[in-house]
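Undergrad: Be aware that the sequence shown starts at -9, since it is given in the working numbering, and climbs by one per residue.
Sharing a structure below in structure tokens format, with a few things to ask.
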Amino acid sequence: MDDLLLTAGDPDALLVPLFALIESQPLEKERLVELSTLVTVLDRWYYCPSVSMLMIRALNAVLDKDPAILDEEPFTPSTFETILFLGFGLDDIDATSLVLDWCLLVASHQPTSILQHGFLYLFLHEHHHAHVSLRRRLTKLAHELLHVDTQRNIAELLSCADSIAEMTLDSDGQVARKALQWTYYMMQHAIPLQPTYAILWVHHTSVLTHWFTLFSTTKDMNIQAALLNFVSQLVQHGVDSEWVEKSFDLCFTSTSSYPLKQASVRFLAAISKVGCMQHDKTSVEQLSSSWICQTCTFENPSDVGLSNCLVCDAFRDEMPRLDHLKSTWRERRAQLKPSDSTLPSTVFHTVDLSRFGPHVYKFLRYEALQDDVISSLPLFQKLVDPSNPKHLFHFADILGILATESEDIDVLSHVKDFAPHDTTLWNQLLAKHGVHSTATNTSDWKQFLEIENDVVKISEYASVNPPTWFETKKTLKYVARSPAPLLALRRDALDFLFFKEQAPSFRAWNELRNCRIHVNPTQCVDTLVHPLLCLKSLVNAVQEAADNFKSSEDKFSSTMKFETLVVKANEHPIISTFDCWTKARQKMLSSDSLCNTFDEYTDSSIMELFLYPQDMPMETTLPLPAVKHIKEPLPRLSWCVERLCQIEWRRLSKQLPSEFSSFLRAQPTLVPLNIRTKFYMGDTSTREMREVAGGRHTAQVYRTSLISSSESVLKWPSSNVLYVMFEGEKGHGVGPTAEFYSDLSREFGHCQWGLWHIVNRNDDKYVSSPSGWFPAVDATTEKHLRIFDMFGRFLARSSLDGYSINIHVSVAFLKALQGQELTWRDIESVDPNFFGSLTRLNKYSHEDLDAMELYFTMPGYGSLELCEQGSERKVNGDNLAEYVSLIQAKWEKSVQAQVEAVLQGYSQLANPAALQFFIPEELQELWEPDDSKLWTYEEIVANIECSGGYSWATSSIMSRLGDLLLTMNRTERRCFLQFVTGTPCLPVDGLGQVKMSIVRVPYTGALPTSNTCQRCLKLPEYESAEELQVKLLLAIAEGQAYFALD
């Protein structure tokens, strides 16, 4: 092959060998040609477009097969220049794309050469608005080139910053995310190296301008917090005051996250030290597109719009395009070359931050943790008016919280420069808040409470002089048994438990642990266990091993049954029953130890498990009566839990430390629903994480027999992420799987299975029950319980993989699944009309009862007898009470078997204790989101992205689509969602959580299509609103229940 290429005397003679090389190289184990041969041929025939493009493809094929070849034969500068000409001198988008692929292959070995020859700059300059696939590869190349020596290549990197910063606003989420990460990396690893770099970053690039636009428009508070933290580092070099204005509007709302408020306080602290600078944004130097005359070398300004040189009148086109681009690249590098530049002559001015005072006080008082309170004291001191008594009280309040909760900190040393106008009042406030040693004595604390007959009430004195936190904490032993009037004090008492954010230590999630298993009092086995492995899985593995040994010499006894599990760690035994999680749940253990990971117990090198029966008492949960009365989230607890929920191994094992989970189990609403849902019910990111850790499995089901074909599918181990495809259909992935969960949700409610109590009997095939599904009294056969077991695995699998389901389960049944004892009022809520008529029987006379022809059988369940020979025993006035009591008993007992079956199925894949971290009404909302809410045009525009040429602002078809979505009824909205996303309901957070997109496709008169995996609607540009309505409604109505690949 080498000789054939080198001896070719005509470009046409190269076509066949090059085609053969491109097609054959990926299939061969060895290189078919030397890299030097290809370079030589490229240098010889680069001016021939057809051959040169094939040469680039051949180079890419060889490099893709063996990238390490560049370590032996790196490309020379002349080769880079040749390929630069092919990429930008031919004005051919295909050539550009091939050269971009070449750059991606070479970047890992010669990133400096790629960067210094201007490939990245020219790609961004010419093609940052190109097709999305090219833009994605551009951002990938930009990340590859970050591995250069930063200080030697800072001008080259800064030259690319403008275009990359502009791409942070890209309509494609992947492009925007990668571009933003590039700017993050620069701020973390490059800009802090020298102050000059920061000056260039702020004043000679447009990064901050694009950052501000992103900060103002994005709904992702994590991005807003990150941007504000980076801008805080640049304040000393000059930041526009518009950042202050926008942070006031966005950062202290009721929905602002803790990190955003935290970043805002840090930003304000930096501003309070330096101030802001006010300068014209147009002074930021943008990418230069001026052109130099090839004849007289005069640099002509681009904004004049002339095609002739202003000096010699030569045509601009006489300058080769590539030379013009290179000239632009050289000029831009020269502008950004670090030197002894000083800050631009812009005057810093102080900013009045007093309006932030109430917001900062509220954050420090009710949300901030210890470290943030300490670091914010200098800022808050500047916001306090020394002559204002209210301000002095607020300042003393913050200092008092810090002194009360952190006794080892010298609070006054942090505010020694503070000079109040009224020192007497200031000292009194400090004493009242416990900052001074002369704090309020014990006798004064009791004046806030009135105690009569062991009932605690707030005194009249406390109503006029509310106790400080220092004074409140001294009365907590009374607050714990107080009624509702002390809820505010009780809430503070709970929230401040997490003031220091002392989360327990844990090992790395991928670190194996030593474990010694005692199978009887004299025998043990040492083994390695994964920290994500739960104790139940280990017990099952040991039991299975014991069953596999049959001879008398076996280590394990084949008849061994583990009834009790004792975990001995650091001399503190933790005891739990083995019978799955049911007994542990019923005994209300503080944590379901069988599901906890090993890191929950010990940091010692060896943990011992005693797996033989022990006669030891069971410990129950400590009572938390105060928690039950708190209905609103606790900010500090919520932030601590949210941070723990971001740890990878905790997300995989769904485990929180006991000091947090005990509060959530007692009162789930202490933490916002969205945090608990993302952690326990899963989402896309967790599913992707699980897929990396445990792999994936694709199963096939039949639409015509969904229940029977899904039974074995739902038994697949929980370590794998499950994907589903329908028999006879080509589609696979997230879209078909989402529809599988949606269809199976509906199928569980089919009347043919007889699982649920039917309230309204009609000709409908599916159960009708306004209050939700509740197990039928007679659904206790083996077949019924097998389906209930499958229903439990269905619930667990959907939460593991993060898919939405659509089931209407009653509050009573959810309480039973959570281990709560059902009352007769709960049972009555299932069918109010039936139980109302049962109650009204007491009002009828004996004659009326005889006329009703009632027998001791279960109403609504045919011949199901309530007692022996019940079908022959008639109800009368004498035995009416017995009849009603037997019905009540039958209802109360009938649900036990179904609940155990569901929990048994759930426990095969996940821990049923996760259900206890939600109140029943929340589970109802999660498992059957409200689809009756109407959409607004603003909501549609904000949460549905456009691409491929469509825009909400300029495309008429998009405005027509928005109007059509607004006019859809409930059924049409469900069909639209099913068509685009695979599920008919929106998540709890609405359209913003779905992230749908509309893509423009060529108009052929065809119906719209969709990609449910990407939640993408492929919409032709119809000419009228009427055509759009007809075609879209027809597509969503008829284009269901089949997945094809297009």
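Note that beta-carbon positions come from the ideal geometry of N, C-alpha and C, so glycine has one too.
For clarity, every value in this text was computed on a predicted model and none was experimentally measured.
If you draw a straight line from the C-alpha of G163 to the C-alpha of L807, how long is it?
TA: Between the C-alpha atoms of G163 and L807 there is a straight-line separation of about 40 Å.
Undergrad: Would you tell me roughly how many angstroms separate the C-alpha atoms of Y174 and M715, rounded to the nearest one?
TA: 40 Å
Undergrad: Rounded to the nearest angstrom, how far is the Cβ of L704 from that of R787, given a contact under 8 Å?
TA: Yes, L704 and R787 are in contact; Cβ-Cβ is about 6 Å, under 8 Å.
Undergrad: Which term fits Q742, buried or exposed, when burial requires 16 or more other beta carbons within 10 angstroms of its beta carbon?
TA: exposed
Undergrad: Going by beta-carbon coordinates alone, are L804 and P902 separated by less than 8 Å?
TA: no
Undergrad: With the cut-off set at 8 Å, would you say L60 and H99 are in Cβ contact?
TA: yes
Undergrad: Less than 8 Å separating the beta-carbons of L828 and I877?
TA: The Cβ-Cβ distance between L828 and I877 falls below 8 Å.
Undergrad: Hey, could you find the ends of the beta strand (DSSP E) H119 is sitting in?
TA: Premise fails: H119 is in no beta strand (DSSP E) and is neither H nor E.
Undergrad: Using the rule of at least 16 other Cβ atoms within 10 Å of the residue's Cβ for burial, across every protein chain shown, is M176 buried or exposed?
TA: Buried, since its Cβ has 16 or more Cβ neighbours within 10 Å.
Undergrad: Here's a check: name, in chain order, each residue in its chain whose Cβ is nearer than 7 Å to the Cβ of Q15, leaving out the five neighbours to either side.
TA: L22, A51, V52 and K55
Undergrad: Just to confirm the assignment, what range does the beta strand (DSSP E) spanning S247 have?
TA: First-last for S247: undefined, no H or E at that position.
Undergrad: Let me know if P974 comes out buried or exposed under the rule of 16 or more other beta-carbons within 10 Å of its beta-carbon.
TA: buried
Undergrad: Quick check on the DSSP output: what are the complete alpha helix (DSSP H) runs of length 4 or more inside the segment 703 to 731, in order along the chain?
TA: none
Undergrad: Spell out a yes or no on whether the segment 185 to 193 and the segment 225 to 237 are touching, meaning 3 or more CB-CB pairs, one atom from each, closer than 8 Å.
TA: In short, these stretches touch, since the Cβ pair count reaches three.
Undergrad: Put I934 into one of helix, strand or coil per three-state DSSP.
TA: strand
Undergrad: Could you pull the start and end residues of the alpha helix (DSSP H) that M45 belongs to?
TA: P39 to K55
Undergrad: Which word fits Y793, buried or exposed, when buried means at least 16 other C-beta atoms lie within 10 angstroms of its C-beta?
TA: The residue in question, Y793, is buried, as its Cβ has 16 or more Cβ neighbours within 10 Å.
Undergrad: Go to Q214, then tell me how far its alpha helix (DSSP H) extends in each direction, as first and last residue.
TA: M211 to L224
Undergrad: Select from A85, V820 and R863 the residue whose C-alpha is nearest the C-alpha of I748.
TA: V820
Undergrad: Per DSSP, S1000 forms a beta bridge with which residues?
TA: The secondary-structure analysis by DSSP pairs S1000 across a beta bridge with L1007.
Undergrad: In the DSSP assignment, the alpha helix (DSSP H) including H774 goes from what residue to what residue?
TA: Here the alpha helix (DSSP H) through H774 covers E772 to D791.
Undergrad: Are the beta-carbon atoms of A216 and S366 separated by less than 8 Å?
TA: No, these two residues do not count as a Cβ contact at 8 Å.
Undergrad: Should Q178 go down as buried or exposed, given a rule of 16 or more other Cβ atoms within 10 Å for buried?
TA: It is exposed - the Cβ of Q178 has fewer than 16 other Cβ atoms within 10 Å.
Undergrad: If you run the structure through DSSP and keep just helix, strand and coil, what is K621?
TA: coil
Undergrad: Nearest to V989 by alpha carbon, out of E134, R830, L1007 and L955?
TA: L1007
Undergrad: On the three-state DSSP scale, how would you describe T587?
TA: Since pLDDT at T587 reaches only 43, below the 50 mark, its modelled position is unreliable, and the value read off the structure follows with that caveat. T587 falls in the coil class under three-state DSSP.
Undergrad: Take V138 and list the residues in its own chain whose beta-carbon comes closer than 7 Å to its own, dropping the five residues that flank it on each side.
TA: P101, T102 and L105
Undergrad: With distances taken between CB atoms, is the gap from S884 to I795 smaller than 8 Å?
TA: no
Undergrad: Considering only DSSP beta bridges, list what C266 is partnered with.
TA: DSSP links C266 through a beta bridge to H339.
Undergrad: Could you say which of K327, V197, E116 and F242 lies nearest to L184 if we only look at CA atoms?
TA: As written in the sequence, residue 184 is Gln, which differs from the Leu given in the question. The residue with the shortest Cα to Cα distance from Q184 is K327.
Undergrad: Name the residue from D791, I213 and D33 whose alpha carbon lies nearest to the alpha carbon of Q171.
TA: I213
Undergrad: Could you work out which residue in K168, A145 and E638 is closest to E1038 when comparing CA atoms only?
TA: Past the edges of the chain, shown from -9 to 1036, lies residue 1038, and the structure says nothing about it.
Undergrad: Under 8 Å, do I930 and L870 count as touching if we go by C-beta distance?
TA: no
Undergrad: Using the Cα positions of T610 and Q645, report the straight-line distance between them to the nearest angstrom.
TA: The predicted position of T610 is uncertain, since its pLDDT is 27 and thus under 50; no value can be drawn from it.
Undergrad: Which residue from C1003, Y993, A1027 and G1029 puts its Cα closest to that of E1013?
TA: Y993
Undergrad: So what does DSSP say about Q690, is it helix, strand or coil?
TA: strand
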